[in-house]
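Right, one structure below, let's go through it.
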Amino acid sequence: MSAATLAAYTAASGTTSVGAPPAPVCADLVAADLAAAVHAVSTTTYLRETDVLTRSADLAAVRNGVSAGLGLRPSVGLGDGVDLEDEVDPLELIGFQVNAAVGYRYDELAVLRAEAALDTAEGRLAAQRRADVVDALVALSRLRVARRAEAAAESELTLLLASLTTAEATAEATAAERTADPDHDSPLGTPAQPGAEPELGPLYLREARLRVRQARLALDDARAAASTLRAVLAELVVDAGDEQADAALGCRLAALPVPAPASAGTRASAGSGLMLALRVAQAQLARARFAPLRDLSLQAYYQEGGNRLTGTVGLDLGRPELELGLRWRPTGKDAWSVRLSADIRLDESMGAAVRQAEAGVAAAQAALDAFEAGRPARLDASASALERAWLEVELLDEAVQLALLRREDPGEARNLSRNDQALARALDARERGLQAYYRAYAAHLATLGVAWGPF
């Protein structure tokens, strides 16, 4: 890499020229990244939000437990008792009946299943939001590397174009001298013999042209990489911040604060799904124990003419229910009735169902206990991984500071090109360390059961 390329590379990273003091105010690069990325949102997040809204509506409907219905049953009929020659009452030929009913049922198992489905949807949404933010953070870091590479490629191409211009001028001067020489029969660019290919020029000119073509290709690749990262950030609705400079090289990076774990029992807690799974298993066990008494109901109705009012109170597999119905038709008799009924079923499957439900409760309880028992170890491991990732960033940041001091050391002036290369490598290595830190931070947030800040 040439000196001009390295100068452009370090200039794009926010460094000052040799001998210039560092900026007096330090830009907090990590906090600036988070401020830009914390509101990132992907198309998958929109789908997750829609799923949460659907599950919330399902839960509200199950909790409400109210059902209603309205029906009309018209009929037309003829029979042996109808003489069409006599006067016939239209009601003897045409009949209709109107039924209306409203009911309520409380189904604890259905409610718990709906809560579990909502909890799962909310967990997926929270995970996707964390993924969106860390994707944006990594893209911002990679974009800084891509910008420096693009600036370096542009500077390299400019330098090589200048070299090519010099080489072409030299070749033209040499060709002019050859043309003026009467002993030279094959000037540059003309066939030496009929049918022969024209000369391509001196070797140094061909090499200069090749280097320019390679530099153009490298610049195209660098621009494409930067453009791809900008598109990724645009899809996440994050400002790429093309004019935003890196943190001043003379300043230290600051780590993000780590939030406290989610409070126990909240839906944001990572163990909420296991808690709900246990409650679902317990409700299934209660349902299995009610299996012998499948349906117990008390029904009463009162009918006056064609109007009938019916009320039912029952217990269906442990699910309390209430129903009120109204029937109306043109004709009918006065009547009333009260009836108590039960559906009792006993067979060999009852015991097996109860034992299976009990096993389900035991398995759910064991899974929850194991999760709670292992939670401190997981938190410690996650915190250690995060601490280790930040320690790596600090070491890479120190390498940047040392590379900067060596480059600005007057005694190292003769090694400016090499020191510029070392600084460029240190800057890119620090960005890779930051990307690993962002991923470790997101993993720790998932372990804690919380979302991204700002904190």
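Each number in the working numbering comes from the position in the sequence shown (counting from 1) with 25 added on. Glycine is no exception: its CB is placed at the ideal position from the N, C-alpha and C atoms. Nothing here was measured: the structure is a model prediction, and the numbers come from that model.
By how many angstroms is the C-alpha of residue j removed from the C-alpha of residue i?
i, j, result
"residue 434", "residue 448", "13 Å"
"residue 61", "residue 263", "6 Å"
"residue 465", "residue 299", "25 Å"
"residue 402", "residue 472", "11 Å"
"residue 153", "residue 282", "21 Å"
"residue 54", "residue 165", "11 Å"
"residue 462", "residue 450", "18 Å"
"residue 93", "residue 129", "9 Å"
"residue 319", "residue 339", "10 Å"
"residue 256", "residue 161", "11 Å"
"residue 248", "residue 266", "16 Å"
"residue 182", "residue 235", "12 Å"
"residue 308", "residue 377", "16 Å"
"residue 246", "residue 163", "20 Å"
"residue 195", "residue 415", "55 Å"
"residue 197", "residue 232", "16 Å"
"residue 193", "residue 430", "40 Å"
Please classify residue i: does DSSP put it in a helix, a strand, or coil?
i, result
"residue 261", "coil"
"residue 77", "helix"
"residue 477", "coil"
"residue 255", "helix"
"residue 281", "coil"
"residue 71", "helix"
"residue 91", "strand"
"residue 66", "coil"
"residue 462", "helix"
"residue 365", "strand"
"residue 186", "helix"
"residue 371", "coil"
"residue 326", "strand"
"residue 142", "helix"
"residue 298", "helix"
"residue 229", "helix"
"residue 482", "Residue 482 cannot be examined here, being either before or after the span of the chain that is shown, 26 to 480."
Is residue j closer than 9 Å to residue i when the C-beta atoms are compared?
i, j, result
"residue 244", "residue 175", "yes"
"residue 321", "residue 367", "yes"
"residue 261", "residue 65", "yes"
"residue 379", "residue 137", "no"
Please name the residue, chosen from the options, that lies closest to residue i on a Cα-to-Cα basis.
i, options, result
"residue 417", "167, 454, 390, 136", "454"
"residue 469", "311, 284, 364, 124", "284"
"residue 475", "446, 445, 404, 437", "404"
"residue 125", "353, 304, 430", "353"
"residue 428", "445, 205, 157, 72", "445"
"residue 330", "398, 63, 336, 351", "351"
"residue 333", "296, 122, 157", "122"
"residue 177", "137, 230, 240", "240"
Practice task
Assess, as a yes-or-no matter, whether the stretch 164–184 is touched by the stretch 244–255 under the definition of 3 or more beta carbon pairs within less than 8 Å.
Solution key: In short, these stretches touch, since the Cβ pair count reaches three.
Exercise for the section: Taking 8 Å as the threshold, find out whether the stretch 66–80 comes into contact with the stretch 177–191 through three or more Cβ pairs. Expected result: At 8 Å Cβ cutoff, the stretches do not touch.
Handout entry: the stretch 382–396 / the stretch 299–315 touching (three or more Cβ pairs under 8 Å)
Key = With a cut-off of 8 Å, the stretch 299–315 and the stretch 382–396 count as touching, because enough Cβ pairs lie within range.
Problem - Stretch pair the stretch 145–162 + the stretch 196–205: three plus CB contacts closer than 8 Å - result: Flag = no, the stretch 145–162 and the stretch 196–205 do not touch.
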